[in-house]
Amino acid sequence: MNQVDDKLLPILDEVLRRNAGEAEFHQAVREVLESLGRVVAKHPHYLDHALIERICEPERQIIFRIPWVDDQGQVRMNRGFRVQFNSALGPYKGGMRFHPSVNVGIIKFLGFEQTFKNALSGMPIGGGKGGSDFDPKGRSDAEIMRFCQSFMTEMFRHLGEYTDVPAGDIGVGGREIGFLFGQYKRLTNRYEAGVLTGKALAYGGSRARTEATGYGNTYFVQSMLGTRGTDFDGKKVVVSGSGNVAIYTIEKVQSFGGKVIACSDSSGYVVDENGIDLALLKEIKNVRRERMSHYAKRRGDGAHFIASDKGSVWDVPCDVAMPSATQNELSGKDARKLIENGVMAVGEGANMPSTPEAVRAFQEAGVLFAPGKAANAGGVATSALEMQQNASRDSWTFAQTEARLAAIMRDIHDTCHDTAEEYGAPGNYVLGANIAGFVRVAEAMRMLGVI
Numbered sequence: 089m090n091q092v093d094d095k096l097l098p099i100l101d102e103v104l105r106r107n108a109g110e111a112e113f114h115q116a117v118r119e120v121l122e123s124l125g126r127v128v129a130k131h132p133h134y135l136d137h138a139l140i141e142r143i144c145e146p147e148r149q150i151i152f153r154i155p156w157v158d159d160q161g162q163v164r165m166n167r168g169f170r171v172q173f174n175s176a177l178g179p180y181k182g183g184m185r186f187h188p189s190v191n192v193g194i195i196k197f198l199g200f201e202q203t204f205k206n207a208l209s210g211m212p213i214g215g216g217k218g219g220s221d222f223d224p225k226g227r228s229d230a231e232i233m234r235f236c237q238s239f240m241t242e243m244f245r246h247l248g249e250y251t252d253v254p255a256g257d258i259g260v261g262g263r264e265i266g267f268l269f270g271q272y273k274r275l276t277n278r279y280e281a282g283v284l285t286g287k288a289l290a291y292g293g294s295r296a297r298t299e300a301t302g303y304g305n306t307y308f309v310q311s312m313l314g315t316r317g318t319d320f321d322g323k324k325v326v327v328s329g330s331g332n333v334a335i336y337t338i339e340k341v342q343s344f345g346g347k348v349i350a351c352s353d354s355s356g357y358v359v360d361e362n363g364i365d366l367a368l369l370k371e372i373k374n375v376r377r378e379r380m381s382h383y384a385k386r387r388g389d390g391a392h393f394i395a396s397d398k399g400s401v402w403d404v405p406c407d408v409a410m411p412s413a414t415q416n417e418l419s420g421k422d423a424r425k426l427i428e429n430g431v432m433a434v435g436e437g438a439n440m441p442s443t444p445e446a447v448r449a450f451q452e453a454g455v456l457f458a459p460g461k462a463a464n465a466g467g468v469a470t471s472a473l474e475m476q477q478n479a480s481r482d483s484w485t486f487a488q489t490e491a492r493l494a495a496i497m498r499d500i501h502d503t504c505h506d507t508a509e510e511y512g513a514p515g516n517y518v519l520g521a522n523i524a525g526f527v528r529v530a531e532a533m534r535m536l537g538v539i
């Protein structure tokens with residue numbers, strides 16, 4: 089089991105004390121601090137000037153109420169969040185999540201992870217995250233528009249293309265980004281296209297942004313498999329989730345010759361031994377907005393649905409597992425089942441989807457493991473490319489953007505791989521990602537003085 093170095097324990101204790109009850113944030117900070125013992129042993133100056141303490145504390149936390157009116161004329165109220173975590177490398181950058189589970193601890197964990205992820209991308213962007221405990225499921229377009237307008241009526245004063253640039257996340261897709269941007273434009277009287285990313289192509293979006301997180305994760309895992317002389321071709325793959333990240337992970341895996349045999353949603357999972365029919369999956373989830381059981385019914389022979397209370401998608405034997413749904417979805421028990429069934433690589437498409445117990449199990453078994461802060465950085469990297477296009481009043485082709493994405497993901501892989509080797513832990517991508525991201529942020533902060 090990984091341990092936090094004695095020199096860093098007081099920092100962890102203070103984080104736990106000051107952020108009581110925020111389990112996901114505690115988990116994220118602990119994981120990074122477990123990697124930094126080797127860094128402070130080699131470079132003790134990082135312990136000076138409360139540098140690590142400052143990295144663990146957000147620069148700003150914004151919490152506000154969001155009143156809105158439903159279709160029955162009833163006033164509803166939700167809570168909104170924006171945690172502007174670290175701007176040492178550039179403006180705050182990170183998505184907004186609309187989901188009932190959202191609270192300040194989850195937003196802080198996501199903002200903390202985002203800081204290192206954005207550093208790994210090599211792009212000039214800091215880390216932030218936001219959202220609300222609003223549930224868009226079952227709400228009409230008119231209700232979602234009114235909610236988004238109320239959300240942005242508070243948020244706009246904290247945003248700007250040189251200040252804070254949000255994007256989408258769970259529950260926030262192209263529809264929501266459009267409503268948010270429209271209200272921002274209305275309130276500011278400025279067409280500041282670079283203030284939000286994930287926009288539609290019609291008003292300043294980037295080609296390949298929708299696909300970027302799933303594609304990027306697949307590029308990372310392809311590079312990781314290459315260190316063992318293999319690739320996706322002919323591999324059986326299981327992808328959790330069936331949202332944007334999962335769908336485009338499946339698409340890119342299939343283009344690399346892999347066979348995705350299972351995917352899921354909160355109701356359960358589908359096993360399709362003939363390989364997931366991507367066109368049908370997109371119709372079920374993106375057009376009809378139906379549950380995975382409808383996929384099995386429409387697909388017919390070879391596909392069957394298992395309800396979530398009857399098992400886990402991780403029970404399905406595979407060569408590569410790609411958790412792409414939500415945090416802590418893959419437990420230690422799930423990891424042991426995957427290992428027992430012969431998994432050789434795991435790539436995190438979601439943010440922190442594997443529990444610490446699961447990560448340890450994979451590492452102890454010698455399974456290639458790509459942590460989310462590295463493997464799913466393609467989304468935010470392409471958001472930064474969208475900002476670049478907005479700033480230059482330009483628009484790139486899909487091929488141009490995907491080529492940049494592929495190059496960025498290969499660079500992130502190589503950085504994590506080489507950093508792990510440099511610090512005496514070859515093959516440990518968690519340690520490599522944490523150290524490489526930390527050093528980039530810490531060096532910038534050190535040069536900026538006590539801020």
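So the sequence shown is residues 89 to 539, counted in my numbering. All residues carry an ideal CB built from backbone N, CA and C; glycine is no exception. Values in this document were obtained by computation on a predicted structure and should not be read as measured data.
My output table needs one value for residue 176: the three-state DSSP class, helix, strand or coil.
coil
List, from N- to C-terminal side, the alpha helix (DSSP H) runs of 4 residues or more that fit wholly inside the region 348-392.
366-370 and 380-387
Suppose only complete runs of 3+ residues qualify. What are the beta strand (DSSP E) ranges in the region 226-281, listed by chain order?
252-255
Return the Cβ separation of residue 436 and residue 328 in integer angstroms, given the expectation that the two are a contact with Cβ distance under 8 Å.
In fact, because the Cβ distance is near 10 Å, the residues do not count as touching under 8 Å.
Rounding to the nearest angstrom, what Cα-Cα distance links residue 193 and residue 283 in this structure?
25 Å
Per-residue burial, residue 480 [other beta carbons within 10 Å of its own, 16 or more giving buried]
exposed
In DSSP terms, what residue 166 is bridged to
154
What whole-angstrom Cβ distance do residue 173 and residue 146 have, given they're in contact under 8 Å?
5 Å
Please say whether residue 400 and residue 286 have beta carbons closer to each other than 8 Å?
no
Own chain partners of residue 378 with C-beta closer than 6 Å, once the 5 adjacent residues on each side are dropped:
372
What is the C-beta distance between residue 412 and residue 395, in whole angstroms, given that I count them as a contact (C-beta under 8 Å)?
20 Å between Cβ atoms; not a contact.
I need the straight-line Cα distance from residue 453 to residue 427, nearest angstrom please.
7 Å
Using beta-carbon positions only, say whether residue 407 and residue 323 come within less than 8 Å of one another.
yes
Own chain partners of residue 508 with C-beta closer than 7 Å, once the 5 adjacent residues on each side are dropped
514, 515, 516, 517, 519 and 520
In the DSSP assignment, find the alpha helix (DSSP H) that holds residue 135 and state where it starts and stops.
That residue, residue 135, is in no alpha helix (DSSP H); it is neither H nor E in DSSP.
Looking at the unbroken alpha helix (DSSP H) that takes in residue 538, where does it start and where does it end?
It is not in any alpha helix (DSSP H) - residue 538 carries neither H nor E in the DSSP assignment.
Please confirm if the region 483-502 is in contact with the region 226-241, defined as three or more CB-CB distances below 8 Å between the two stretches.
no
Range of the contiguous alpha helix (DSSP H) that encloses residue 302
297-314
DSSP state of residue 425 mapped onto helix, strand, coil:
helix
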